[in-house]
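Asker: The following block contains the structure, expressed as C-alpha cells.
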Amino acid sequence: MQIGFAGLGRMGYPMAANLVAAGHSVFAFDPAASDIPDGVRLVEPAELARGPVSISMLPNGPTTRQLVSDGLCDAPADHLHVVMGTVGPDVVRDLAERSAAQIIDAPVSGSVAMAQSAAITTMVGASAQQFAIIQPILAAMTAAQFHAGPVGAGSIAKLAVNTVLAGLSEAIAEGLLIAEHGGLDLDSFYDILSAGAVGAPYVGYKRDAFLSPSTTPVAAPVSLIQKDLTLALELADRHGLDLPGARAANDVLTDAVSTGFASADMAEVLTVLKHKVAATSANLVDAHV
259 MQIGFAGLGR MGYPMAANLV AAGHSVFAFD PAASDIPDGV RLVEPAELAR GPVSISMLPN
319 GPTTRQLVSD GLCDAPADHL HVVMGTVGPD VVRDLAERSA AQIIDAPVSG SVAMAQSAAI
379 TTMVGASAQQ FAIIQPILAA MTAAQFHAGP VGAGSIAKLA VNTVLAGLSE AIAEGLLIAE
439 HGGLDLDSFY DILSAGAVGA PYVGYKRDAF LSPSTTPVAA PVSLIQKDLT LALELADRHG
499 LDLPGARAAN DVLTDAVSTG FASADMAEVL TVLKHKVAAT SANLVDAHV
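Counting from 1, position 126 in the sequence shown corresponds to residue 384 in our numbering; the numbering is continuous, with no gaps.
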C-alpha cells in the first residue's frame, strides 16, 4: 500500500522503516530530517494524501494542525489520516470535524528501542470500520493495537497511560532515593524492586536509565512526558477531577525542565530529587553556621 508519513523523528523514523520492511511504499515529509530510512522517499506535504492512508508522528498539536492544513486540504473524502503523535483528544476531534479527509488517532506507548523492534502499543480512536482498515497497517509498526473507542478515545487512553507512567517513574526515583540514603546497594535494591509486587515491565526495562543514566540512551525525554502530563491534567480539570499524584509528578518534571533536563530521559527525575536533597542539606548547614 502507498502510505504517506509525516515526522521522521526519534519514534517516527523506526516506525516508517517498519512499514517499508512490511512491504509498504512509504513517502514521507519532514523538513528537519537529517536521515531517512532506506526505501522512504521525501515529498512535500501535499503529496502525502496521494495514497489511501497517511500517518503523522509529530510532537504536538500545532505542528499536527499545520500538517493537516498543508497536506490534506485537497485529500479525497475516503483518505484516512492517522494521528499517532500525542496531541490530546480536542485537537484530534477538531481536525476530524474540519478536515475533508477522515481523521483518526492512534498514539503509541513505548520507547524508541521498542519502536525499532515494532514492540510498541497503540491505542486507536476510530469507528469499527476505520479500525478494521488501519489495524493491519498499525500491526507492521506495533505489537498490540487496541480499539479504544471513537475518534479521540485513543488520545484519552494515551494520556491516562502516561499519567500512570509519570507517577511510576516518580515512585521508582523516590524508592531509590530512600534506599540510597538508607545505605543500600542500588543494584541489589533494584533486583528487589523488579522481583516484587511493583515489578512492572517498565521497572525492568528502565533499570539502566535509573542506575546508569550517563551511559544509557534517552528513551522518553522529560519534555515530552511533561507535555503529555500537562494535557492529561487539563483534561482532568475539565472533568472536575483532582489528581494529586499526577500534579506532584508534574511539579518534579517542571523542575527537571527548568534545571536543564528537558531533553534527558524521564528517569532523570531521580537526579532532580538528588539535587533537591543536596540543596536542602546545604541550606541546613548554612543555617547552623
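Backbone N, C-alpha and C fix where the C-beta goes; we use that ideal spot for every residue, glycine too. If you're wondering where the values come from, they're calculated on a predicted model, not measured in any experiment.
#1: Whose CA, out of L423, A376, A429, lies closest to the CA of Q403?
#2: Using a threshold of 8 angstroms, state whether the C-beta atoms of G410 and V326 are closer than that.
#3: Can you tell me which of S292, G319, R308, K485 puts its alpha carbon nearest to the alpha carbon of A335?
#4: Roughly how many angstroms lie between the CA atoms of I395 and D352, to the nearest whole one?
#5: Rounded to whole angstroms, what's the CA-CA distance from D445 to T529? Just pull it up for me.
#6: Label C331 either buried or exposed according to how many other C-beta atoms from any shown protein chain fall within 10 Å of its C-beta, with 16 as the threshold for buried.
#7: Can you list, in chain order, the stretches of the beta strand (DSSP E) that have 3 or more residues and sit fully within the segment 451-529?
#8: With DSSP run on the structure shown, which of helix, strand or coil describes V422?
#9: Going by the CB atoms, is the gap between A525 and P479 shorter than 8 angstroms?
#10: Quick one: which unbroken alpha helix (DSSP H) runs of 4-plus residues sit fully inside the segment 382-415? Chain order, please.
#11: Leaving out five residues on either side along the sequence, give the residues of the same chain with a beta carbon under 6 angstroms from the beta carbon of L489.
#12: Beta carbon of I261, beta carbon of V301: below 8 angstroms?
#13: Could you compute how far the alpha carbon of I392 sits from the alpha carbon of A437?
#14: Give the straight-line distance between the Cα atoms of N420 and V382, rounded to the nearest whole angstrom.
#15: Determine which residues share a DSSP beta bridge with S314 and list them.
#16: With 16 as the cutoff for other CB atoms within 10 Å, does I450 come out buried or exposed?
#17: Sorted by chain position, which residues of the same chain lie with C-beta nearer than 6 angstroms to F389's C-beta, five sequence neighbours on each side aside?
#18: Report, in whole angstroms, the separation of the C-beta atoms of M246 and P365, which I expect to be a contact under 8 angstroms.
#19: Going by DSSP, which residues form a beta bridge with V366?
#20: Are the CB atoms of D296 and V278 nearer to each other than 8 angstroms?
#21: Among A431, A453, R496, which one has its Cα closest to the Cα of H533?
#22: Of all Cβ atoms in chain D, is any one closer than 8 angstroms to the Cβ of F263?
#23: Report buried or exposed for E355, applying the criterion of at least 16 other Cβ atoms within 10 angstroms of its Cβ.
#24: Please return the same chain residues whose Cβ sits closer than 6 angstroms to the Cβ of Q360, not counting the five positions on each side in sequence.
#25: Less than 8 angstroms between the beta carbons of I483 and L442, yes or no?
#26: Can the beta-carbon of Q374 be found less than 8 angstroms from the beta-carbon of P502?
#27: Looking only at C-alpha atoms, which of R465, A304, L306, I362 sits nearest to A386?
#28: Go ahead and pull the three-state DSSP assignment for S283.
#29: Can you give me the start and stop residues for the alpha helix (DSSP H) that S327 sits inside?
Answerer: With the given structure in hand:
#1: A376
#2: no
#3: R308
#4: 24 angstroms
#5: 16 angstroms
#6: exposed
#7: none
#8: helix
#9: no
#10: 386-396
#11: G346, L417
#12: no
#13: 46 angstroms
#14: 15 angstroms
#15: A264, V341
#16: exposed
#17: V382, H405
#18: Outside the displayed span of the chain (259 to 547) sits residue 246, for which this structure offers no information.
#19: T380
#20: yes
#21: A431
#22: Here there is only one protein chain, and chain D is not present.
#23: exposed
#24: L338
#25: no
#26: no
#27: I362
#28: strand
#29: 319-329
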